[in-house]
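Novice: Chains as they are written, first to last, in my numbering: chain A, 7 to 386; chain B, 4 to 382. Here a beta-carbon is modelled for each residue, glycine too, at the ideal position from N, C-alpha and C. None of these values were measured; they are calculated from a predicted model.
In structure tokens:
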């Protein structure tokens with residue numbers, strides 16, 4: 007089935023009981039049991055809710071995995087996945103991982119003796135070098151946030167198989183519409199569904215998908231035990247968002263390409279990071295593992311003052327954290343997504359004080375260009 | 004099995020979804036329903052015609068009112084609009100004179116130009132109503148009781164009996180007392196209407212309207228207009244209204260408890276000229292309520308001695324919120340002459356007693372002492 011069709015008809019796309027064209031929002035905490043000895047499929051909504059389950063089936067189908075699970079946030083999804091490990095286990099993690107994941111690994115999970123080595127995952131050799139006998143998994147993001155650095159996902163899977171590690175990736179930036187890591191043999195995909203999947207900047211949600219059913223069952227036990235589940239209203243809204251994922255991604259990617267090329271022509275701009283640009287490092291690797299460049303780009307201005315001027319004077323994009331919504335969002339990684347990272351560490355990773363990240367929405371690209379042009383020129 | 008209202012409401016929606024056993028009815032946020040096969044239907048086709056979440060709300064209201072069928076609308080005005088579509092050019096309707104401003108506007112600005120005439124009478128005066136019912140062309144009597152904002156009480160049983168004898172429909176707006184305190188269909192009325200925005204939903208977070216009918220032929224016609232006009236209540240708001248209904252008896256009881264104390268306190272306050280509350284011993288309608296109904300509600304109106312102080316008073320309240328609407332868990336204070344009844348001309352307002360001294364309270368479920376302290380502070 008064409009992927010655009012799968013987006014509309016993934017999982018349970020209609021209510022089996024009434025035929026309703028949209029799964030009902032089961033705003034219920036508990037379920038009446040017909041037989042006290044044999045509980046039904048649903049007993050308590052933390053364990054299972056029909057609305058959430060429909061979303062979980064949808065994302066499993068869209069990622070090509072065995073099991074999908076929905077969580078209260080992207081971090082709840084990632085944290086639940088990290089609970090698969092035990093004290094003393096070691097993970098090799100891409101150094102450009104999302105700041106919140108970095109914080110969870112270096113504070114919360116470090117206390118529990120989950121050991122982590124951060125490496126430049128764009129270089130498979132350094133990943134391989136970081137593996138020790140206690141290593142249990144690789145956790146990478148491609149493209150990574152905020153420099154859109156590209157990791158060779160096939161190379162990661164090859165290393166994971168060789169050393170019998172779990173391969174985990176955060177697929178938030180690409181979504182399964184452009185990139186399906188499980189089809190490349192990854193074991194677990196996590197998402198902040200707050201971003202492109204939900205797509206309307208109106209909810210907080212996370213998803214995890216496992217390649218095989220056994221791992222899915224283990225994660226399900228954690229989901230039920232830990233309980234950071236997604237509520238029925240938000241589950242329904244994510245499904246509603248997924249129906250337009252394809253058209254949104256296409257439109258936002260198109261705008262991102264136009265903006266990236268326009269930024270290249272601006273004298274204030276030192277560098278543009280966008281996987282769709284031929285000169286972007288990893289462009290060819292990305293093309294081989296994803297069917298689109300996505301709709302997030304970052305750019306570095308010549309000086310911090312210019313970045314601040316742009317951020318302060320734009321009118322159309324929201325100046326905010328998050329990305330992937332229908333509204334354009336301009337972010338300042340230094341104080342936003344990567345605020346949790348020590349400054350020296352941040353600068354070493356190329357996330358300078360002049361770096362700005364843009365998540366283009368569905369506005370007309372010419373309006374966004376005019377707005378940024380005005381903001382960059384203002385006061386001169 | 005006859006059940007108490009509290010039981011019906013607490014259980015509303017439970018056991019509906021036998022497929023999963025969900026205790027709370029699902030929110031069917033859907034426009035359309037797939038058909039099992041050609042010529043077959045699950046009972047639902049298109050959500051304007053019927054939606055499972057809305058249906059549970061409609062059935063719940065029909066049960067607690069002792070009616071035949073319930074219908075949920077996008078607002079109280081949408082509900083009344085559909086009821087008025089039962090009439091045709093040349094028909095006349097006897098209407099409570101101190102009517103909610105929005106209903107008055109509907110009668111005067113929408114239905115009068117269509118040839119449906121409202122005859123306004125004081126419906127707390129049964130003799131005047133009986134006389135009006137005999138007028139040429141009268142097809143219905145539309146009663147608000149207690150009225151808004153003066154809380155006059157009509158004898159619904161007597162009016163419905165007289166109306167039936169004249170072959171006239173009795174329609175009652177039961178927004179203020181709700182089925183917890185007053186069930187007009189059991190007293191002979193044919194149709195009950197509600198702004199469910201008020202006490203039924205009860206949290207000032209939904210705009211909704213309800214119609215309940217007492218017999219199949221009326222249900223059929225109201226159902227037809229509901230579907231044909233399409234001012235239906237959405238599933239999310241239907242669900243919120245159902246959720247609100249579960250605590251209706253508790254809320255109303257507490258609101259009435261607070262209102263009784265506040266009315267007594269206002270009645271002896273030197274800066275208050277007059278208090279309208281059906282629970283006060285000297286209220287002219289109290290005898291009817293005691294005989295026919297089980298409560299007085301949570302609405303109070305009162306006149307201050309010095310209207311020049313009203314702007315200051317409205318700006319000074321801290322627990323009460325100066326806002327329109329009523330019936331929520333939060334206490335509200337309203338200035339009817341400029342807010343709810345602004346659509347009635349000044350002369351009629353003055354004649355009806357909706358003057359510039361009048362304030363209306365919708366008493367919430369806050370602490371009684373703090374509500375009185377708040378009023379004490381501004382009076």
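With DSSP run on the structure shown, which of helix, strand or coil describes residue 361 of chain B?
Specialist: Looking at residue 361 of chain B - three-state DSSP - the assignment turns out to be strand.
Novice: Going by alpha carbons, who is nearest to residue 126 of chain A out of A:136, A:101, A:148 and A:147?
Specialist: Residue A:101 is the option with its Cα nearest to residue 126 of chain A.
Novice: Compare the C-beta of residue 76 of chain A against all C-beta atoms of chain B and say whether one is closer than 8 angstroms.
Specialist: Answer no: the Cβ-Cβ gap between residue 76 of chain A and chain B never drops below 8 angstroms.
Novice: Roughly how far, in whole angstroms, is the beta-carbon of residue 157 of chain B from the beta-carbon of residue 148 of chain B, given that I think they are within contact range, below 8 angstroms?
Specialist: The pair is a contact, with the Cβ atoms about 4 angstroms apart (cut-off 8 angstroms).
Novice: Mind checking residue 56 of chain B: buried by the 16 CB within 10 Å criterion, or exposed?
Specialist: Classification of residue 56 of chain B: buried, given that the 10 Å Cβ count is 16 or more.
Novice: Quick test of your reading: residue 142 of chain A and residue 96 of chain A, contact by CB under 8 angstroms. State the CB separation rounded to the nearest angstrom.
Specialist: Indeed they touch by this definition, with Cβ atoms about 7 angstroms apart.
Novice: What residues in its chain sit with their C-beta under 6 angstroms from that of residue 35 of chain A, if we drop five residues either side in the sequence?
Specialist: So the list reads 51, once near-sequence residues are dropped.
Novice: Report buried or exposed for residue 46 of chain B, applying the criterion of at least 16 other Cβ atoms within 10 angstroms of its Cβ.
Specialist: Result: exposed.
Novice: How long is the line joining the alpha carbons of residue 307 of chain B and residue 382 of chain B, rounded to whole angstroms?
Specialist: The alpha-carbon atoms of residue 307 of chain B and residue 382 of chain B are separated by roughly 9 angstroms.
Novice: Does the stretch 68 to 80 of chain B come close enough to the stretch 217 to 231 of chain B that 3 or more CB-CB pairs lie under 8 angstroms?
Specialist: Output reads yes: the stretch 68 to 80 of chain B touches the stretch 217 to 231 of chain B.
Novice: Quick one: Cα of residue 4 of chain B to Cα of residue 127 of chain B, how far?
Specialist: Model confidence at residue 4 of chain B stands at a pLDDT of 48, short of 50, so the residue's coordinates are unreliable and nothing is read from them.
Novice: Give, in chain order, every residue of the stretch 13 to 25 of chain B whose Cβ lies closer than 7 angstroms to some Cβ of chain A.
Specialist: Of all residues in the stretch 13 to 25 of chain B, 18, 22, 23, 24 and 25 have a Cβ within less than 7 angstroms of some Cβ in chain A.
Novice: Grab the span of the alpha helix (DSSP H) containing residue 142 of chain B for me, first residue to last.
Specialist: Run containing residue 142 of chain B: none in the alpha helix (DSSP H); it sits in the beta strand (DSSP E), 141 to 147.
Novice: Can you check whether the C-beta of residue 38 of chain A is within less than 8 angstroms of a C-beta belonging to chain B?
Specialist: True, the Cβ-Cβ gap to chain B drops below 8 angstroms.
Novice: Residues in its own chain within less than 8 angstroms of residue 173 of chain B by CB, not counting five upstream and five downstream?
Specialist: Cβ within range, chain order: 143, 144, 146, 159, 162, 163, 166, 167, 187, 191, 192, 193 and 194.
Novice: Nearest to residue 130 of chain A by alpha carbon, out of A:258, A:111, A:186 and A:163?
Specialist: Comparing Cα-Cα distances from residue 130 of chain A to each of A:258, A:111, A:186 and A:163, the minimum goes to A:163.
Novice: Taking 8 angstroms as the threshold (C-beta atoms), are residue 86 of chain A and residue 234 of chain A in contact?
Specialist: Contact flag set, yes.
Novice: Would you mind working out which of A:109, A:61 and A:92 sits nearest residue 347 of chain A, comparing C-alpha positions?
Specialist: Closest option to residue 347 of chain A, Cα to Cα, is A:109.
Novice: Any C-beta of chain A sitting closer than 8 angstroms to the C-beta of residue 11 of chain B?
Specialist: Taking Cβ atoms only, chain A never reaches closer than 8 angstroms to residue 11 of chain B, which makes this a no.
Novice: So with CB distances below 8 angstroms, who are the chain A contacts of residue 53 of chain B?
Specialist: Within 8 angstroms Cβ-Cβ: nothing; residue 53 of chain B doesn't reach chain A, min ~10 angstroms.
Novice: Starting from the N-terminal side, write out each stretch of the alpha helix (DSSP H) that is 4 residues or longer and does not extend beyond the stretch 208 to 232 of chain B.
Specialist: With a minimum length of 4 residues, the continuous alpha helix (DSSP H) runs that stay inside the stretch 208 to 232 of chain B are 219 to 232.
Novice: For chain B, is any of its Cβ atoms less than 8 angstroms away from the one on residue 50 of chain A?
Specialist: No - not a single Cβ of chain B is within 8 angstroms of the one on residue 50 of chain A.
Novice: Take residue 71 of chain A and list the residues in its own chain whose beta-carbon comes closer than 6 angstroms to its own, dropping the five residues that flank it on each side.
Specialist: Correct list, in chain order: 188, 215, 216 and 217.
Novice: Tell me, please, which residues DSSP counts as bridged to residue 303 of chain A.
Specialist: Answer is A:364, bridged to residue 303 of chain A.
Novice: Give the straight-line distance between the Cα atoms of residue 374 of chain B and residue 321 of chain B, rounded to the nearest whole angstrom.
Specialist: Cα to Cα, the separation comes out at about 9 angstroms.
Novice: Ignoring anything shorter than 3 residues, give me the beta strand (DSSP E) runs that lie fully in the stretch 171 to 254 of chain A, in order along the chain.
Specialist: Fully enclosed beta strand (DSSP E) runs of 3 or longer: 172 to 176, 194 to 198 and 212 to 216.
Novice: For residue 210 of chain A and residue 79 of chain A, which I take to be in contact (beta-carbon distance under 8 angstroms), what is that distance rounded to the nearest angstrom?
Specialist: Confirmed, Cβ separation roughly 5 angstroms.
Novice: Quick check: residue 200 of chain B and residue 27 of chain B, are their CB atoms within less than 8 angstroms of each other?
Specialist: No, the Cβ-Cβ distance between residue 200 of chain B and residue 27 of chain B is not below 8 angstroms.
Novice: For residue 84 of chain B and residue 100 of chain B, which I take to be in contact (beta-carbon distance under 8 angstroms), what is that distance rounded to the nearest angstrom?
Specialist: The pair is not a contact, with the Cβ atoms about 20 angstroms apart (cut-off 8 angstroms).
Novice: List the residues of chain A whose Cβ lies closer than 7 angstroms to the Cβ of residue 30 of chain B, in chain order.
Specialist: Going along chain A in sequence order, the residues near residue 30 of chain B (Cβ under 7 angstroms) are 30, 31 and 33.
Novice: Residue 221 of chain B to residue 72 of chain B, Cα distance in whole Å?
Specialist: Their Cα atoms are separated by approximately 9 angstroms.
Novice: Look at the Cβ atom of residue 175 of chain A, then the Cβ atom of residue 147 of chain A, and state whether they are nearer than 8 angstroms.
Specialist: For residue 175 of chain A and residue 147 of chain A, yes; Cβs fall inside 8 angstroms.
Novice: By the three-class DSSP mapping on this structure, what secondary structure does residue 131 of chain B have?
Specialist: It is helical.
Novice: In whole angstroms, what separates the C-alpha of residue 320 of chain A from that of residue 161 of chain A?
Specialist: Those two C-alpha atoms are separated by around 40 angstroms.
Novice: Decide if residue 297 of chain B is buried, meaning its Cβ has at least 16 other Cβ atoms within 10 Å, or exposed.
Specialist: Result: exposed.
Novice: So does the stretch 363 to 374 of chain A actually touch the stretch 307 to 319 of chain A, counting three or more Cβ pairs closer than 8 angstroms?
Specialist: No, the stretch 363 to 374 of chain A is not in contact with the stretch 307 to 319 of chain A.
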